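Have a look at the structure below, then the notes.
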Amino acid sequence: MSALKPLRAKNLSLPKYGLDQLLWDEVELAVAAEVAGPGRSWYLTTLNPDGSPHTTGFGHTWLDGAVHFTTAPTVRKTRNLLADPRCTVAAPIEGFDVTFDGEAHRTDDPAVVAAIAAMYAAAGWPCRAEGDVITAPFSAPSAGPGPWQVYRIDVRSAVALKTTGDGGATKWWFR
(Lines of atoms letter the chains of each structure in order from A; the text may use other names.)
(Lines give C-alpha, C1' and ligand atoms only; values in the text may rest on other atoms or scores of the structure.)
Protein backbone atom coordinates (compact mmCIF):
# COMPACT_ATOMS: atom_id res chain seq x y z
CA MET A 0 0.00 0.00 0.00
CA SER A 1 2.73 2.50 0.89
CA ALA A 2 6.44 2.85 1.32
CA LEU A 3 6.03 2.72 5.11
CA LYS A 4 7.26 -0.75 6.00
CA PRO A 5 8.11 -1.88 9.53
CA LEU A 6 11.75 -2.59 10.34
CA ARG A 7 10.66 -4.54 13.40
CA ALA A 8 7.57 -5.28 15.44
CA LYS A 9 6.75 -6.36 18.98
CA ASN A 10 3.62 -8.19 20.03
CA LEU A 11 2.50 -6.32 23.15
CA SER A 12 -0.17 -8.94 23.92
CA LEU A 13 2.23 -11.74 24.88
CA PRO A 14 2.73 -13.67 27.04
CA LYS A 15 -0.19 -12.76 29.30
CA TYR A 16 -2.95 -12.90 26.69
CA GLY A 17 -1.52 -15.22 24.04
CA LEU A 18 -2.91 -13.16 21.15
CA ASP A 19 -1.38 -13.02 17.68
CA GLN A 20 0.73 -10.10 16.57
CA LEU A 21 -1.27 -7.60 14.50
CA LEU A 22 -0.37 -7.10 10.85
CA TRP A 23 0.81 -3.61 9.85
CA ASP A 24 -0.76 -3.88 6.38
CA GLU A 25 -4.19 -4.49 7.94
CA VAL A 26 -3.80 -1.54 10.32
CA GLU A 27 -2.54 0.75 7.55
CA LEU A 28 -5.55 -0.11 5.38
CA ALA A 29 -7.84 0.93 8.23
CA VAL A 30 -5.82 4.14 8.76
CA ALA A 31 -5.95 5.02 5.05
CA ALA A 32 -9.72 4.43 4.96
CA GLU A 33 -10.32 6.89 7.78
CA VAL A 34 -11.44 10.26 6.45
CA ALA A 35 -11.17 13.54 8.34
CA GLY A 36 -14.39 15.32 9.18
CA PRO A 37 -16.81 16.18 11.96
CA GLY A 38 -16.74 13.53 14.67
CA ARG A 39 -13.63 11.91 13.22
CA SER A 40 -10.82 13.98 14.71
CA TRP A 41 -7.41 12.65 15.49
CA TYR A 42 -5.34 14.28 18.22
CA LEU A 43 -1.90 15.83 17.78
CA THR A 44 0.45 16.37 20.72
CA THR A 45 3.40 18.74 20.31
CA LEU A 46 5.85 20.12 22.87
CA ASN A 47 5.44 23.61 24.31
CA PRO A 48 8.58 25.70 24.88
CA ASP A 49 8.63 24.63 28.55
CA GLY A 50 8.44 20.93 27.54
CA SER A 51 4.82 20.47 28.57
CA PRO A 52 2.47 18.76 26.10
CA HIS A 53 0.04 20.63 23.86
CA THR A 54 -2.75 18.48 22.43
CA THR A 55 -5.33 19.52 19.86
CA GLY A 56 -7.81 17.78 17.60
CA PHE A 57 -7.00 18.08 13.92
CA GLY A 58 -8.22 17.02 10.50
CA HIS A 59 -5.92 14.47 8.94
CA THR A 60 -5.13 12.69 5.73
CA TRP A 61 -2.98 9.62 5.12
CA LEU A 62 -0.83 9.76 2.00
CA ASP A 63 2.29 7.82 1.05
CA GLY A 64 2.73 6.31 4.50
CA ALA A 65 2.50 9.59 6.42
CA VAL A 66 -0.03 11.68 8.33
CA HIS A 67 -0.70 15.09 6.76
CA PHE A 68 -2.61 18.05 8.17
CA THR A 69 -3.14 21.76 7.64
CA THR A 70 -2.26 24.56 10.00
CA ALA A 71 -1.70 28.31 10.04
CA PRO A 72 1.82 29.60 10.67
CA THR A 73 0.78 31.52 13.80
CA VAL A 74 -1.01 28.83 15.86
CA ARG A 75 0.56 27.08 18.86
CA LYS A 76 1.01 23.65 17.21
CA THR A 77 2.90 25.21 14.29
CA ARG A 78 5.13 27.28 16.54
CA ASN A 79 5.82 24.20 18.65
CA LEU A 80 6.71 22.08 15.61
CA LEU A 81 9.06 24.74 14.26
CA ALA A 82 10.94 24.66 17.57
CA ASP A 83 10.81 20.86 18.00
CA PRO A 84 9.29 18.66 15.25
CA ARG A 85 8.70 15.66 17.53
CA CYS A 86 5.03 14.84 17.96
CA THR A 87 2.50 12.12 18.67
CA VAL A 88 -0.85 11.41 17.05
CA ALA A 89 -3.71 9.51 18.69
CA ALA A 90 -6.01 8.06 16.04
CA PRO A 91 -9.24 6.30 17.01
CA ILE A 92 -10.32 4.46 13.86
CA GLU A 93 -12.66 1.65 12.89
CA GLY A 94 -11.34 -1.52 14.54
CA PHE A 95 -8.22 -0.01 16.12
CA ASP A 96 -6.88 2.67 18.41
CA VAL A 97 -3.57 3.75 16.89
CA THR A 98 -0.83 6.09 18.06
CA PHE A 99 1.97 7.40 15.86
CA ASP A 100 5.23 8.93 17.03
CA GLY A 101 7.22 10.95 14.53
CA GLU A 102 8.42 14.29 13.33
CA ALA A 103 6.36 16.89 11.49
CA HIS A 104 7.73 19.22 8.85
CA ARG A 105 6.09 21.57 6.40
CA THR A 106 5.46 20.23 2.92
CA ASP A 107 5.58 22.93 0.24
CA ASP A 108 5.60 20.69 -2.85
CA PRO A 109 2.63 21.96 -4.91
CA ALA A 110 1.82 18.43 -6.15
CA VAL A 111 1.60 17.08 -2.59
CA VAL A 112 -0.39 20.11 -1.42
CA ALA A 113 -2.81 19.58 -4.34
CA ALA A 114 -3.19 15.88 -3.46
CA ILE A 115 -3.94 16.72 0.18
CA ALA A 116 -6.44 19.42 -0.86
CA ALA A 117 -8.18 16.91 -3.14
CA MET A 118 -8.47 14.42 -0.27
CA TYR A 119 -9.97 17.06 2.02
CA ALA A 120 -12.35 18.24 -0.72
CA ALA A 121 -13.51 14.65 -1.30
CA ALA A 122 -14.31 14.47 2.43
CA GLY A 123 -16.49 17.58 2.17
CA TRP A 124 -14.21 20.51 3.03
CA PRO A 125 -14.51 23.02 0.14
CA CYS A 126 -10.80 23.75 -0.12
CA ARG A 127 -8.31 24.04 -2.95
CA ALA A 128 -4.57 24.18 -3.38
CA GLU A 129 -2.98 27.48 -4.32
CA GLY A 130 0.69 26.73 -4.88
CA ASP A 131 2.18 25.63 -1.58
CA VAL A 132 -0.87 26.42 0.61
CA ILE A 133 -4.53 25.45 0.93
CA THR A 134 -7.36 27.98 0.91
CA ALA A 135 -11.04 27.62 1.77
CA PRO A 136 -13.91 29.77 2.98
CA PHE A 137 -13.57 28.23 6.48
CA SER A 138 -11.70 25.67 8.56
CA ALA A 139 -11.68 24.29 12.08
CA PRO A 140 -10.97 26.99 14.66
CA SER A 141 -7.83 25.13 15.83
CA ALA A 142 -6.29 25.50 12.35
CA GLY A 143 -6.09 29.29 12.67
CA PRO A 144 -6.87 31.68 9.82
CA GLY A 145 -6.03 30.69 6.24
CA PRO A 146 -4.30 30.21 4.02
CA TRP A 147 -3.07 26.98 5.60
CA GLN A 148 0.24 25.26 5.28
CA VAL A 149 0.50 21.47 4.93
CA TYR A 150 2.57 19.46 7.38
CA ARG A 151 3.70 15.87 6.98
CA ILE A 152 4.40 13.63 9.96
CA ASP A 153 7.09 11.11 9.14
CA VAL A 154 6.13 8.16 11.32
CA ARG A 155 8.94 6.65 13.38
CA SER A 156 6.81 4.16 15.32
CA ALA A 157 3.18 3.16 15.77
CA VAL A 158 1.17 1.18 18.30
CA ALA A 159 -2.20 -0.35 17.46
CA LEU A 160 -4.72 -1.82 19.86
CA LYS A 161 -7.33 -3.95 18.14
CA THR A 162 -10.77 -2.95 19.44
CA THR A 163 -12.76 -5.79 17.87
CA GLY A 164 -12.73 -9.56 18.09
CA ASP A 165 -10.10 -11.04 20.37
CA GLY A 166 -8.14 -7.80 20.46
CA GLY A 167 -4.39 -7.58 20.46
CA ALA A 168 -1.67 -4.95 20.57
CA THR A 169 1.47 -4.48 18.48
CA LYS A 170 4.20 -1.85 18.18
CA TRP A 171 6.08 -1.23 14.93
CA TRP A 172 9.28 0.73 14.31
CA PHE A 173 9.80 2.24 10.85
CA ARG A 174 13.06 4.20 11.12
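FYI, in numbering that gives the first Met the number 0 the residues of the sequence shown are 0 to 174.
Heads up, the beta-carbon is just placed ideally off N, CA and C, and yes, glycines get one too.
Computed from a predicted structure; not experimentally measured.
Under the DSSP assignment, THR60 falls in the beta strand (DSSP E) whose first and last residues are 60-62. Remark: C-beta atoms of THR73 and GLY143 approach each other more closely than 8 Å.
By the beta-carbon neighbour count (other beta carbons within 10 angstroms, threshold 16), PHE95 is buried. DSSP, read as helix, strand or coil, puts ARG105 in strand.
Straight-line spacing of the CA atoms in ALA35 and LYS9 works out to 29 Å. In this structure, the beta-carbon distance from LEU46 to ASP19 does not fall below 8 Å.
By a beta-carbon distance limit of 8 Å, ALA103 does not contact ALA116. Their separation comes to about 18 Å. Contact between VAL30 and VAL97 is confirmed by a C-beta separation of about 6 Å, below the 8 Å threshold.
In the DSSP assignment, ALA71 falls outside any beta strand (DSSP E) and carries neither an H nor an E.
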